[in-house]
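Undergrad: Pasting a structure below so you can have a look.
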Ligand SMILES: [Zn+2]
């Protein structure tokens with residue numbers, strides 16, 4: 002791969018596509034462990050204050066906050082997708098200055114060749 006200081010916009014686009022290819026599925030949101038009471042009377046877990054733990058995914062859809070229950074056996078898969086989402090977000094942040102620099106470099110190169 003070319004050095005970062007000499008890459009073209011299409012080099013950056015190619016780099017971005019190949020780096021992000023392994024980051025799917027990618028999700029954004031937060032997974033938290035929630036404790037809640039159940040509806041049973043005289044439940045030992047509720048009486049002791051221990052209560053019942055369950056995972057909830059908090060996300061946003063069309064500007065509204067949503068909470069979705071996540072069964073325990075799906076937690077590793079959901080967590081992996083959330084990790085991918087964060088990695089993808091970091092990648093997009095990294096890509097922005099590189100792409101803009103590459104665009105400026107391409108424009109400067111075109112201007113120089115116009116002067117010839
Ligand atoms: Zn209970």
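Numbering (our numbering), first residue to last: 2 to 117. Just so you know, even glycine gets a beta-carbon here, dropped at the ideal spot from N, CA and C.
By how many angstroms is the C-alpha of residue 87 removed from the C-alpha of residue 103?
TA: Their backbone Cα atoms lie some 24 Å apart in a straight line.
Undergrad: Alpha carbon to alpha carbon, how far is residue 16 from residue 22? Give it in angstroms, no decimals.
TA: The straight-line gap from Cα to Cα measures roughly 10 Å.
Undergrad: Tell me whether the region 28-40 and the region 52-71 touch, counting them as touching only if at least three CB pairs, one residue from each stretch, are closer than 8 Å.
TA: These segments touch.
Undergrad: Excluding the five sequence neighbours on either side, which residues of its own chain have a C-beta within less than 6 Å of the C-beta of residue 69, listed in chain order?
TA: If we look at residue 69 and ignore the five residues flanking it on each side, its Cβ neighbours are 58.
Undergrad: Please report the distance separating the alpha-carbon of residue 39 from that of residue 73.
TA: Going by the C-alpha atoms only, they are around 17 Å apart.
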